[in-house]
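Following: one structure in C-alpha coordinates, then a few remarks.
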(Lines of atoms letter the chains of each structure in order from A and count residues from 1; the text may use other names and numbers.)
(Lines give C-alpha, C1' and ligand atoms only; values in the text may rest on other atoms or scores of the structure.)
Protein backbone atom coordinates (compact mmCIF):
# COMPACT_ATOMS: atom_id res chain seq x y z
CA UNK A 1 0.00 0.00 0.00
CA UNK A 2 1.28 3.46 -0.90
CA UNK A 3 0.14 7.01 -0.16
CA UNK A 4 1.71 10.38 -0.81
CA UNK A 5 1.80 13.65 -2.74
CA UNK A 6 2.04 14.53 -6.43
CA UNK A 7 4.03 17.52 -7.68
CA UNK A 8 3.97 18.89 -11.25
CA UNK A 9 7.52 19.75 -12.28
CA UNK A 10 8.79 22.43 -14.61
CA UNK A 11 8.76 21.07 -18.16
CA UNK A 12 5.65 18.93 -17.62
CA UNK A 13 7.15 16.14 -15.53
CA UNK A 14 5.66 14.87 -12.29
CA UNK A 15 7.09 13.59 -9.02
CA UNK A 16 5.37 11.29 -6.52
CA UNK A 17 6.57 11.41 -2.91
CA UNK A 18 5.23 8.17 -1.48
CA UNK A 19 5.12 6.17 1.70
CA UNK A 20 5.13 2.40 1.43
CA UNK A 21 4.06 0.16 4.29
CA UNK A 22 5.96 -3.07 4.89
CA UNK A 23 4.17 -4.46 7.96
CA UNK A 24 4.67 -1.80 10.62
CA UNK A 25 7.65 -0.30 8.82
CA UNK A 26 7.16 2.86 6.78
CA UNK A 27 9.48 3.17 3.76
CA UNK A 28 9.65 6.48 1.83
CA UNK A 29 9.87 6.25 -1.97
CA UNK A 30 10.22 8.79 -4.74
CA UNK A 31 8.89 8.22 -8.26
CA UNK A 32 9.70 10.73 -10.98
CA UNK A 33 8.45 10.97 -14.55
CA UNK A 34 10.11 13.29 -17.08
CA UNK A 35 9.49 13.87 -20.76
CA UNK A 36 12.61 13.88 -22.93
CA UNK A 37 13.11 16.22 -25.88
CA UNK A 38 12.15 13.44 -28.29
CA UNK A 39 8.83 12.97 -26.48
CA UNK A 40 9.75 9.72 -24.76
CA UNK A 41 8.84 9.19 -21.12
CA UNK A 42 11.64 8.67 -18.60
CA UNK A 43 10.81 7.07 -15.25
CA UNK A 44 13.08 6.80 -12.22
CA UNK A 45 12.29 5.61 -8.73
CA UNK A 46 14.27 5.05 -5.57
CA UNK A 47 13.96 4.20 -1.92
CA UNK A 48 14.88 7.20 0.22
CA UNK A 49 16.17 5.26 3.22
CA UNK A 50 17.31 2.03 1.61
CA UNK A 51 20.82 0.81 0.92
CA UNK A 52 20.30 0.92 -2.83
CA UNK A 53 19.04 3.54 -5.21
CA UNK A 54 17.09 1.65 -7.85
CA UNK A 55 15.73 2.53 -11.25
CA UNK A 56 12.25 0.99 -11.20
CA UNK A 57 11.90 0.34 -14.93
CA UNK A 58 14.08 -0.68 -17.81
CA UNK A 59 13.88 2.78 -19.38
CA UNK A 60 16.79 2.70 -21.80
CA UNK A 61 16.73 4.49 -25.12
CA UNK A 62 17.42 2.96 -28.50
CA UNK A 63 20.45 4.58 -30.15
CA UNK A 64 21.50 4.72 -33.79
CA UNK A 65 25.21 4.72 -32.97
CA UNK A 66 27.60 4.52 -30.04
CA UNK A 67 30.04 6.96 -28.50
CA UNK A 68 33.55 7.18 -29.93
CA UNK A 69 34.90 6.90 -26.41
CA UNK A 70 34.20 3.20 -25.79
CA UNK A 71 36.80 2.19 -23.23
CA UNK A 72 35.57 -1.30 -22.20
CA UNK A 73 33.76 -4.18 -23.93
CA UNK A 74 31.94 -7.12 -22.31
CA UNK A 75 29.77 -10.01 -23.52
CA UNK A 76 27.15 -11.36 -21.12
CA UNK A 77 25.79 -14.90 -20.82
CA UNK A 78 22.93 -14.07 -23.19
CA UNK A 79 25.53 -13.06 -25.82
CA UNK A 80 24.63 -9.38 -25.60
CA UNK A 81 27.60 -7.05 -25.97
CA UNK A 82 28.03 -4.16 -23.56
CA UNK A 83 30.17 -1.14 -24.37
CA UNK A 84 31.17 1.14 -21.50
CA UNK A 85 32.01 4.70 -22.46
CA UNK A 86 34.16 7.36 -20.86
CA UNK A 87 31.44 10.01 -20.67
CA UNK A 88 28.17 8.73 -22.16
CA UNK A 89 27.10 5.74 -20.09
CA UNK A 90 26.87 2.18 -21.39
CA UNK A 91 25.47 0.62 -24.57
CA UNK A 92 23.96 -2.84 -25.09
CA UNK A 93 24.04 -4.48 -28.53
CA UNK A 94 21.95 -7.63 -29.04
CA UNK A 95 22.96 -8.20 -32.65
CA UNK A 96 20.21 -6.06 -34.14
CA UNK A 97 19.72 -2.91 -32.07
CA UNK A 98 21.65 -0.66 -29.69
CA UNK A 99 20.19 0.29 -26.30
CA UNK A 100 21.69 3.21 -24.39
CA UNK A 101 21.75 3.54 -20.58
CA UNK A 102 22.90 6.60 -18.62
CA UNK A 103 22.48 8.16 -15.18
CA UNK A 104 18.94 9.04 -16.26
CA UNK A 105 18.22 5.32 -16.20
CA UNK A 106 19.77 4.75 -12.77
CA UNK A 107 23.43 4.24 -13.70
CA UNK A 108 25.52 5.75 -10.91
CA UNK A 109 27.82 7.65 -13.32
CA UNK A 110 28.25 7.96 -17.08
CA UNK A 111 31.91 6.91 -16.97
CA UNK A 112 32.07 3.11 -17.03
CA UNK A 113 35.56 1.63 -16.67
CA UNK A 114 34.78 -2.06 -16.07
CA UNK A 115 31.94 -4.57 -16.47
CA UNK A 116 31.47 -7.91 -14.68
CA UNK A 117 28.73 -10.56 -14.42
CA UNK A 118 27.82 -12.89 -11.56
CA UNK A 119 26.66 -16.50 -11.77
CA UNK A 120 23.01 -15.41 -11.78
CA UNK A 121 23.49 -13.14 -14.79
CA UNK A 122 23.41 -9.82 -12.96
CA UNK A 123 25.77 -7.22 -14.41
CA UNK A 124 28.02 -4.87 -12.45
CA UNK A 125 29.37 -1.61 -13.83
CA UNK A 126 32.35 0.03 -12.17
CA UNK A 127 31.72 3.75 -12.63
CA UNK A 128 33.35 6.96 -11.48
CA UNK A 129 30.72 7.15 -8.74
CA UNK A 130 30.47 3.63 -7.41
CA UNK A 131 29.20 0.21 -8.51
CA UNK A 132 25.93 -0.13 -10.41
CA UNK A 133 24.12 -3.47 -10.49
CA UNK A 134 21.75 -4.33 -13.37
CA UNK A 135 19.36 -7.26 -12.93
CA UNK A 136 18.06 -7.18 -16.50
CA UNK A 137 15.39 -4.58 -15.77
CA UNK A 138 16.53 -2.25 -13.02
CA UNK A 139 19.72 -0.49 -11.96
CA UNK A 140 20.75 -0.22 -8.32
CA UNK A 141 23.81 1.36 -6.74
CA UNK A 142 25.70 -0.81 -4.26
CA UNK A 143 26.67 1.08 -1.13
CA UNK A 144 29.93 -0.13 0.47
CA UNK A 145 30.01 -1.31 4.06
CA UNK A 146 33.34 -0.36 5.63
CA UNK A 147 35.31 -2.81 7.76
CA UNK A 148 35.99 -1.61 11.28
CA UNK A 149 39.75 -2.13 11.06
CA UNK A 150 42.47 -2.85 8.45
CA UNK A 151 42.70 -6.51 7.50
CA UNK A 152 39.18 -7.37 8.71
CA UNK A 153 36.41 -8.58 6.43
CA UNK A 154 38.79 -10.20 3.97
CA UNK A 155 37.71 -13.54 2.50
CA UNK A 156 38.36 -15.40 -0.73
CA UNK A 157 35.26 -17.09 -2.17
CA UNK A 158 34.99 -18.35 -5.77
CA UNK A 159 31.84 -16.38 -6.62
CA UNK A 160 32.87 -13.06 -5.12
CA UNK A 161 33.45 -10.04 -7.34
CA UNK A 162 36.27 -7.57 -6.68
CA UNK A 163 36.24 -3.86 -7.51
CA UNK A 164 38.79 -1.07 -7.21
CA UNK A 165 37.57 1.81 -5.06
CA UNK A 166 37.99 5.50 -5.82
CA UNK A 167 41.13 7.58 -5.57
CA UNK A 168 42.31 8.40 -2.05
CA UNK A 169 40.20 5.57 -0.65
CA UNK A 170 43.06 3.18 -0.05
CA UNK A 171 40.57 0.32 -0.09
CA UNK A 172 39.25 -2.39 -2.39
CA UNK A 173 35.68 -3.70 -2.51
CA UNK A 174 34.47 -7.31 -2.40
CA UNK A 175 30.87 -8.19 -3.27
CA UNK A 176 29.56 -11.49 -1.92
CA UNK A 177 26.13 -11.26 -3.56
CA UNK A 178 24.59 -9.41 -0.63
CA UNK A 179 27.07 -6.91 0.79
CA UNK A 180 29.72 -4.75 -0.87
CA UNK A 181 32.55 -4.94 1.66
CA UNK A 182 34.94 -1.98 1.67
CA UNK A 183 38.26 -3.48 2.75
CA UNK A 184 41.40 -1.80 4.01
CA UNK A 185 44.82 -3.32 3.43
CA UNK A 186 46.93 -4.15 6.47
CA UNK A 187 49.57 -1.47 6.94
CA UNK A 188 52.96 -1.99 5.34
CA UNK A 189 56.38 -0.51 5.96
CA UNK A 190 56.40 1.23 2.58
CA UNK A 191 52.96 2.67 3.22
CA UNK A 192 54.00 4.00 6.61
CA UNK A 193 57.12 5.53 5.09
CA UNK A 194 55.00 7.30 2.47
CA UNK A 195 52.71 8.88 5.07
CA UNK A 196 55.69 9.83 7.24
CA UNK A 197 57.28 11.58 4.26
CA UNK A 198 54.05 13.19 3.06
CA UNK A 199 51.75 13.76 6.06
CA UNK A 200 48.35 14.85 4.77
CA UNK A 201 48.21 17.64 7.35
CA UNK A 202 51.21 19.19 5.61
CA UNK A 203 50.34 18.11 2.05
CA UNK A 204 46.54 18.39 1.83
CA UNK A 205 46.65 18.57 -1.98
CA UNK A 206 47.81 14.98 -2.30
CA UNK A 207 44.64 13.29 -3.51
CA UNK A 208 45.83 9.72 -3.42
CA UNK A 209 46.66 6.89 -1.06
CA UNK A 210 49.60 4.53 -1.65
CA UNK A 211 47.04 1.73 -1.22
CA UNK A 212 44.74 2.94 -4.00
CA UNK A 213 43.90 0.01 -6.29
CA UNK A 214 43.87 0.48 -10.05
CA UNK A 215 43.44 -3.14 -11.18
CA UNK A 216 42.40 -6.55 -9.85
CA UNK A 217 43.28 -9.97 -11.26
CA UNK A 218 42.46 -13.56 -10.25
CA UNK A 219 45.22 -16.05 -11.05
CA UNK A 220 45.00 -19.75 -11.94
CA UNK A 221 45.10 -20.74 -8.25
CA UNK A 222 42.19 -18.48 -7.38
CA UNK A 223 44.34 -15.92 -5.58
CA UNK A 224 43.53 -12.26 -6.12
CA UNK A 225 46.12 -9.68 -7.11
CA UNK A 226 45.79 -5.92 -6.73
CA UNK A 227 47.76 -3.39 -8.74
CA UNK A 228 48.22 -0.01 -7.11
CA UNK A 229 48.22 3.25 -8.96
CA UNK A 230 48.34 7.04 -8.62
CA UNK A 231 52.05 7.69 -9.00
CA UNK A 232 53.78 9.08 -5.93
CA UNK A 233 54.10 6.45 -3.24
CA UNK A 234 52.90 3.58 -5.40
CA UNK A 235 53.43 0.35 -3.47
CA UNK A 236 53.43 -2.09 -6.38
CA UNK A 237 51.33 -5.27 -6.55
CA UNK A 238 49.71 -7.23 -3.73
CA UNK A 239 48.66 -10.88 -3.69
CA UNK A 240 45.92 -12.13 -1.37
CA UNK A 241 45.60 -15.92 -1.00
CA UNK A 242 42.66 -15.97 1.41
CA UNK A 243 44.86 -15.96 4.50
CA UNK A 244 47.69 -13.48 4.04
CA UNK A 245 48.98 -10.59 1.96
CA UNK A 246 52.25 -10.39 0.05
CA UNK A 247 53.70 -7.52 -1.97
CA UNK A 248 56.04 -7.01 -4.90
CA UNK A 249 57.29 -3.45 -4.56
CA UNK A 250 57.26 -0.95 -7.39
CA UNK A 251 61.08 -0.87 -7.29
CA UNK A 252 61.18 -4.63 -7.89
CA UNK A 253 58.75 -4.29 -10.77
CA UNK A 254 61.23 -1.91 -12.48
CA UNK A 255 59.12 0.62 -14.28
CA UNK A 256 62.20 2.49 -15.42
CA UNK A 257 62.15 5.11 -12.70
CA UNK A 258 58.68 6.34 -13.69
CA UNK A 259 55.77 5.98 -11.25
CA UNK A 260 53.45 4.04 -13.52
CA UNK A 261 50.26 2.50 -12.22
CA UNK A 262 50.04 -1.28 -12.23
CA UNK A 263 47.21 -1.12 -14.72
CA UNK A 264 47.33 -4.77 -15.71
CA UNK A 265 48.47 -8.06 -14.18
CA UNK A 266 48.66 -11.18 -16.34
CA UNK A 267 49.63 -14.82 -15.87
CA UNK A 268 50.97 -16.41 -19.05
CA UNK A 269 50.64 -20.01 -20.26
CA UNK A 270 53.79 -20.94 -18.31
CA UNK A 271 52.35 -19.64 -15.04
CA UNK A 272 54.69 -16.63 -15.02
CA UNK A 273 53.42 -13.16 -14.14
CA UNK A 274 53.65 -9.85 -16.01
CA UNK A 275 52.97 -6.52 -14.31
CA UNK A 276 52.14 -3.83 -16.90
CA UNK A 277 55.55 -4.03 -18.53
CA UNK A 278 57.59 -6.44 -20.65
CA UNK A 279 61.03 -5.86 -19.13
CA UNK A 280 60.65 -8.77 -16.73
CA UNK A 281 58.36 -11.62 -15.90
CA UNK A 282 58.06 -13.17 -12.46
CA UNK A 283 58.09 -16.79 -11.38
CA UNK A 284 56.09 -16.60 -8.15
CA UNK A 285 57.04 -19.35 -5.71
CA UNK A 286 54.50 -21.56 -3.96
CA UNK A 287 55.19 -20.03 -0.55
CA UNK A 288 54.81 -16.53 -1.99
CA UNK A 289 52.52 -15.28 0.75
CA UNK A 290 54.12 -17.14 3.64
CA UNK A 291 57.39 -15.25 4.08
CA UNK A 292 56.44 -12.10 5.95
CA UNK A 293 54.64 -9.70 3.63
CA UNK A 294 56.89 -9.97 0.56
CA UNK A 295 56.20 -12.12 -2.47
CA UNK A 296 58.92 -14.72 -2.99
CA UNK A 297 59.82 -14.85 -6.67
CA UNK A 298 62.46 -15.39 -9.29
CA UNK A 299 62.76 -12.55 -11.75
CA UNK A 300 63.31 -13.54 -15.36
CA UNK A 301 64.21 -11.41 -18.34
CA UNK A 302 61.13 -10.46 -20.30
CA UNK A 303 60.80 -9.88 -24.01
CA UNK A 304 63.78 -8.18 -25.61
CA UNK A 305 62.95 -4.86 -27.19
CA UNK A 306 64.59 -1.76 -28.53
CA UNK A 307 64.10 1.71 -27.13
CA UNK A 308 61.35 2.30 -29.68
CA UNK A 309 59.34 -0.77 -28.69
CA UNK A 310 56.70 -0.56 -26.00
CA UNK A 311 57.67 -1.74 -22.50
CA UNK A 312 54.36 -0.87 -20.78
CA UNK A 313 50.83 -2.14 -21.37
CA UNK A 314 47.46 -0.82 -20.25
CA UNK A 315 45.48 -4.05 -20.41
CA UNK A 316 45.96 -7.72 -21.24
CA UNK A 317 44.11 -10.97 -21.93
CA UNK A 318 44.82 -14.49 -23.14
CA UNK A 319 43.42 -16.02 -26.32
CA UNK A 320 42.09 -19.56 -26.74
CA UNK A 321 45.63 -20.86 -27.28
CA UNK A 322 46.92 -19.23 -24.11
CA UNK A 323 48.89 -16.56 -25.97
CA UNK A 324 49.15 -13.28 -24.10
CA UNK A 325 47.77 -10.15 -25.80
CA UNK A 326 48.77 -6.75 -24.46
CA UNK A 327 47.24 -3.40 -25.38
CA UNK A 328 49.52 -0.38 -25.10
CA UNK A 329 48.38 3.22 -24.79
CA UNK A 330 49.45 4.41 -28.23
CA UNK A 331 51.61 1.66 -29.75
CA UNK A 332 48.95 -0.85 -30.72
CA UNK A 333 48.60 -4.44 -29.54
CA UNK A 334 51.29 -7.06 -28.98
CA UNK A 335 50.87 -10.84 -29.00
CA UNK A 336 53.27 -13.04 -27.02
CA UNK A 337 53.15 -16.76 -27.84
CA UNK A 338 55.73 -17.77 -25.25
CA UNK A 339 58.69 -17.18 -27.55
CA UNK A 340 58.16 -14.21 -29.83
CA UNK A 341 56.24 -10.94 -29.96
CA UNK A 342 53.95 -9.97 -32.86
CA UNK A 343 52.85 -6.37 -33.29
CA UNK A 344 49.40 -5.26 -34.50
CA UNK A 345 49.11 -1.51 -35.16
CA UNK A 346 45.73 0.04 -34.35
CA UNK A 347 44.90 3.18 -36.30
CA UNK A 348 42.03 5.50 -37.10
CA UNK A 349 42.33 7.57 -40.26
CA UNK A 350 46.05 6.79 -40.41
CA UNK A 351 46.74 7.92 -36.85
CA UNK A 352 47.61 5.70 -33.86
CA UNK A 353 44.70 5.00 -31.53
CA UNK A 354 45.08 5.42 -27.77
CA UNK A 355 43.79 2.24 -26.16
CA UNK A 356 42.29 1.56 -22.75
CA UNK A 357 41.45 -2.15 -22.67
CA UNK A 358 41.55 -5.50 -24.46
CA UNK A 359 38.93 -8.23 -23.95
CA UNK A 360 38.28 -11.78 -25.16
CA UNK A 361 34.62 -12.68 -25.66
CA UNK A 362 32.89 -16.03 -25.15
CA UNK A 363 33.69 -17.08 -28.72
CA UNK A 364 37.36 -16.19 -28.34
CA UNK A 365 37.17 -12.99 -30.40
CA UNK A 366 39.40 -10.13 -29.20
CA UNK A 367 38.04 -6.62 -28.68
CA UNK A 368 39.62 -3.27 -27.89
CA UNK A 369 38.31 -0.23 -26.06
CA UNK A 370 39.76 3.14 -27.05
CA UNK A 371 39.57 6.71 -25.82
CA UNK A 372 38.47 8.44 -29.03
CA UNK A 373 37.95 5.91 -31.84
CA UNK A 374 35.27 3.55 -30.51
CA UNK A 375 35.53 -0.22 -30.17
CA UNK A 376 37.73 -2.47 -32.33
CA UNK A 377 37.36 -6.17 -33.16
CA UNK A 378 40.05 -8.59 -34.32
CA UNK A 379 39.26 -10.19 -37.68
CA UNK A 380 42.05 -12.75 -37.54
CA UNK A 381 44.72 -10.57 -39.09
CA UNK A 382 44.06 -7.02 -37.87
CA UNK A 383 41.93 -4.95 -35.51
CA UNK A 384 39.13 -3.10 -37.31
CA UNK A 385 36.63 -0.57 -36.02
CA UNK A 386 33.33 -2.07 -34.92
CA UNK A 387 30.28 -0.45 -36.48
CA UNK A 388 27.06 -2.27 -35.53
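Residue numbers (our numbering): 620 to 1007. Ideal placement from N, C-alpha and C gives every residue a C-beta, glycine not left out. Keep in mind that this is a model prediction, so the values were computed, not measured.
Asked	Found
DSSP has residue 790 in a bridge; who is on the other side?	803
Note down the Cα distance separating residue 729 from residue 706, rounded to an integer number of angstroms.	5 Å
Please state the DSSP three-state secondary structure of residue 837.	strand
Mapping DSSP to helix, strand and coil, what is residue 1007?	coil
With DSSP as the reference, label residue 982 as helix, strand or coil.	coil
Helix, strand or coil for residue 1000? Go by DSSP, reduced to three states.	coil
Relative to the C-alpha of residue 687, which residue among 702, 696, 697, 841 is closest?	702
Quick one: Cα of residue 717 to Cα of residue 854, how far?	41 Å
Per DSSP, what are the beta-bridge partners of residue 762 in this structure?	Its beta-bridge partners do not exist; DSSP assigns none.
So residue 920 is in the beta strand (DSSP E); what residue range does that whole segment cover?	916 to 920
Under 8 Å between the Cβ atoms of residue 856 and residue 881?	yes
Just the C-alpha distance for residue 942 and residue 757, rounded to the nearest angstrom, thanks.	38 Å
Closer than 8 Å is the cut-off here; do at least three beta carbon pairs connect the stretch 931 to 942 with the stretch 950 to 967?	yes
Going by C-alpha to C-alpha distance, which of 898, 948, 816 sits closest to residue 808?	816
Between which two residues does the alpha helix (DSSP H) containing residue 815 stretch?	808 to 816
Using DSSP's beta-bridge definition, name the partner residues of residue 739.	None, per the DSSP bridge assignment.
Which same chain residues, not among the five before or five after residue 776, have their C-beta less than 7 Å away from its C-beta?	795
Which residue from 904, 905, 884, 994 puts its Cα closest to that of residue 897?	884
Use the C-beta contact count for residue 714: other C-beta atoms within 10 angstroms, 16 or more gives buried, fewer gives exposed.	exposed
Determine the burial state of residue 826: buried for a count of at least 16 other Cβ atoms within 10 Å of its Cβ, exposed for fewer.	exposed
Anyone know if the C-beta pair for residue 772 and residue 813 falls short of 8 Å?	no
In or out: residue 700 buried (at least 16 other Cβ within 10 Å) or exposed?	buried
Does DSSP put residue 992 in a helix, a strand or coil?	coil
Ignoring anything shorter than 3 residues, give me the beta strand (DSSP E) runs that lie fully in the stretch 699 to 759, in order along the chain.	700 to 704, 709 to 712, 717 to 720, 731 to 736, 742 to 746, 749 to 753
If the criterion is Cβ atoms closer than 8 Å, does the pair residue 830 and residue 861 meet it?	no
So, at 7 Å on beta carbons, what are the nonlocal neighbours of residue 1003 in its own chain, with the 5 sequence-adjacent residues on each side left out?	995, 996
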